[in-house]
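The structure appears right after this line, and notes come after that.
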Amino acid sequence: MASLRERLRRLVGSGGRAEAACAAERAGAAVGAPEGPGAPEEGDGRWQALGLRAEAVGGLRVFVRRVTVPLDARYGRVRLGDALDLSPEAVGRLGGAQQPPVPPSKLLFLDAETTGLGSGAGTFPFLYGLVRFAGDHVHLEQLLVPRPEEEAAALEAVRAAVAASGGLVTFNGKAFDWNQLVTRCVLSGVAVPPAPDVHLDLLHAARRLWRADHACDLATLERLQLGASRAGDIPGALVPEHYRRYLATGDPGYLAGVLAHNERDLLALVALLVRLGRLVEAVQGGSLADAERTEELSAGACLGLARMLERDGRWDEAAALYERLLDVPGFRREARQALTVLYKRLKRWDEAVALWEAWLRDPDNRSLTPYVELAKYLEHQAKDYAAAAAVVEEALWLVRQRQRLSRRRAPTPEEQDLLARAQRLAKKRERQAGAP
1 MASLRERLRR LVGSGGRAEA ACAAERAGAA VGAPEGPGAP EEGDGRWQAL
51 GLRAEAVGGL RVFVRRVTVP LDARYGRVRL GDALDLSPEA VGRLGGAQQP
101 PVPPSKLLFL DAETTGLGSG AGTFPFLYGL VRFAGDHVHL EQLLVPRPEE
151 EAAALEAVRA AVAASGGLVT FNGKAFDWNQ LVTRCVLSGV AVPPAPDVHL
201 DLLHAARRLW RADHACDLAT LERLQLGASR AGDIPGALVP EHYRRYLATG
251 DPGYLAGVLA HNERDLLALV ALLVRLGRLV EAVQGGSLAD AERTEELSAG
301 ACLGLARMLE RDGRWDEAAA LYERLLDVPG FRREARQALT VLYKRLKRWD
351 EAVALWEAWL RDPDNRSLTP YVELAKYLEH QAKDYAAAAA VVEEALWLVR
401 QRQRLSRRRA PTPEEQDLLA RAQRLAKKRE RQAGAP
């Protein structure tokens, strides 16, 4: 059987042979491939105890574990089968504004365990976890690389699964898992899978909704958003060491905790899709009131959903969410800025004026925005030049007070803009006074 190093040398041209050979050497060295233990035997009962069996792919082996999970099973507070009830539009929206709708039944969930936390040629995924929906259950499949030189078999299987899916779901996969898969396919001579039309990186979606509330690593999300805990789970940072010990000893028992860790990662991905999708769906297909009835909306989630609705052009609904944040410390400033834009866009002038007047009366306010915006409204919409000039004078007084405290003498751009506005208003008032 040709080794990975030999196949790499044949696949690359003469100009790249040395580089490919070095990459193969690093792939083996990075995991401490031993000289002693031989290839694992399929009939070894220790593999069967883990639920793994060998399958041949292109003359190489991959050890496969398959598990069926009922749709009624829960991960934390979340029923896994609820993912199938999400609308294609809500699922696609989690990937960003440019992602097309995708039925959740067509999704493939991917999570890989690697030999290290880096992304160099010496690091490779030794375990690929895949989840898809099949009939009345969740189908979970784990593909284990038994020896570094047999990596291509797992890559072929993953490539085929990705190609057959309608979209990919990962956690930080755009930065890591997908790039690792592509890199390893290139180095192993396996056809690179085409980039999926839809790639939902749930880390990005979670950050959009909850980054203002808490950290968005998977462990935190599981605890705070899914109500799940991982008692007895091995830390992800120790996963590479378990694989190294397996390679050094030939004992697959070192992989039991790794398989369990990967399975939890995959089920957490499904549950997280449900949690995120419900939040998006609650405001996408209904109203803010619907969202409040069906989902717990934190301040951070309100902010994330408001931004999403604003990008989608649903400005009234976005404004309703921003309004909820006006009295929430830490969110007030961004809510005021966003509402300034939306109220002007929607020509909701009465609400805009009330916002700016309350804003400039706030004793903690340090922004000139409410003064400038109120002056603009009074000048261009209400045509009340005297009132606009009074607001500008108040803003100029505030700027000069700051200058005195900071001992700055030169006029700032803000002061220059306000002075120009004051001069223009003075001329308009003169013309208005002289008009018959």
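Residue numbering for the sequence shown is 1 to 436, as defined by UniProt numbering.
C-beta atoms are modelled at their ideal positions from N, C-alpha and C, and glycine is treated no differently.
Starting from R431, follow the alpha helix (DSSP H) in both directions and report where the run begins and ends.
-> That run of the alpha helix (DSSP H) goes P413 to G434.
Any idea what DSSP makes of D201, helix, strand or coil?
-> strand
Run through DSSP, which three-state label would G28 get?
-> Low confidence applies here, because G28 scores a pLDDT of 44, under 50, leaving its location unreliable; read the following figure in that light. G28 falls in the helix class under three-state DSSP.
Would a C-beta distance cut-off of 8 Å place V198 and V69 closer than the cut-off?
-> no
Whole-angstrom distance between A422 and L368, CA atom to CA atom | Between L368 and A422, the C-alpha separation is close to 15 Å.
Hey, is the region 213-233 in contact with the region 73-80, meaning 3+ C-beta pairs nearer than 8 Å?
-> yes
Counting along the chain, where does the beta strand (DSSP E) carrying P70 start and finish?
-> L60 to P70
Select from L396, A282 and L86 the residue whose C-alpha is nearest the C-alpha of A271.
-> L86
Report the partner residues of Q142 according to the DSSP bridge assignment.
-> R65 and G129
Ignore the nearest five residues each way along the sequence and tell me which others in I234's own chain have a CB closer than 6 Å to its CB.
-> Its chain contains G257 and H261 as the residues whose beta carbon lies nearer than 6 Å to that of I234, once the 5 sequence neighbours on both sides are disregarded; these appear in chain order.
Of all the options E281, L117, P411 and L259, which has the alpha carbon lying nearest to the alpha carbon of M308?
-> E281
Which residues in the same chain have their Cβ closer than 7 Å to the Cβ of Q381, if we skip the five residues on either side of it in sequence?
-> W349
Assuming Q432 and Y385 make a contact with CB atoms under 8 Å, what is their CB distance in whole Å?
-> That belief holds up - the Cβ atoms of Q432 and Y385 are roughly 6 Å apart, short of 8 Å.
Is L279 near L209, with beta carbons less than 8 Å apart?
-> Yes, the Cβ-Cβ distance between L279 and L209 is below 8 Å.
Continuous beta strand (DSSP E) stretch holding V392: start and end = Here V392 belongs to no beta strand (DSSP E); instead the alpha helix (DSSP H) covers Y385 to S406.
Between the C-alpha atoms of L360 and G434, what's the straight-line distance to the nearest angstrom?
-> Each residue's Cα considered, the two are about 32 Å apart.
Inspect the beta-carbon positions of L200 and V169 and report whether they are closer than 8 Å.
-> yes
What's the C-alpha gap between E414 and L303?
-> 29 Å
What distance in whole Å lies between the Cβ atoms of P252 and T115, which are believed to be in contact at a cut-off of 8 Å?
-> Not a contact, Cβ separation roughly 16 Å.
Identify the continuous alpha helix (DSSP H) that holds G167 and give its terminal residues.
-> G167 -> not in any alpha helix (DSSP H); beta strand (DSSP E) instead, spanning G167 to T170.
T114 - containing beta strand (DSSP E), residue span = L107 to T114
Could you give the DSSP three-state label for E212: helix, strand or coil?
-> Sequence check: residue 212 is Ala here, not Glu. Looking at A212 - three-state DSSP - the assignment turns out to be coil, as it is neither helix nor strand.
Alpha-carbon spacing of A24 relative to F124, whole angstroms | Confidence at A24 is low in this model, with a pLDDT of 40, below 50, so its placement is unreliable and no value can be given for it.
Just how far apart, CA to CA, sit D177 and D111?
-> A straight line joining the alpha-carbon of D177 with that of D111 spans about 7 Å.
Hey, L276 and A354: beta-carbon distance below 8 Å or not?
-> Not closer than 8 Å, so no.
Whose C-beta lies closer than 7 Å to the C-beta of G28 among residues of the same chain, with five residues either side of it excluded?
-> Low per-residue confidence applies at G28: pLDDT is 44, beneath 50, and the placement is therefore not dependable enough to give any value.
Determine which residues share a DSSP beta bridge with R53 and list them.
-> V64
Same chain, Cβ closer than 7 Å to V192, five either side skipped, listed in chain order | Counting only Cβ-Cβ distances below 7 Å, and skipping sequence neighbours, we find V182, C185 and V186.
DSSP three-state assignment for V12, whether helix, strand or coil = Because V12 sits at a pLDDT of 38, beneath the cut-off of 50, its placement in the model cannot be relied upon, and the point is left open.
In whole angstroms, what separates the C-alpha of G300 from that of R211?
-> Taking the CA atoms as reference points, G300 sits about 7 Å from R211.
Terminal residues of the continuous alpha helix (DSSP H) containing K344?
-> R332 to L346
Looking only at C-alpha atoms, which of G330, R366, T340 and A426 sits nearest to A319?
-> T340
In its own chain, which residues sit with a C-beta less than 8 Å from the C-beta of R46, not counting the 5 before and 5 after it?
-> D251, P252 and G253
Closest by C-alpha distance to D362, when choosing among A388, L396, L326 and E351 = Comparing Cα-Cα distances from D362 to each of A388, L396, L326 and E351, the minimum goes to L326.
Could you please give me the residues that DSSP links to V78 through a beta bridge?
-> Y75
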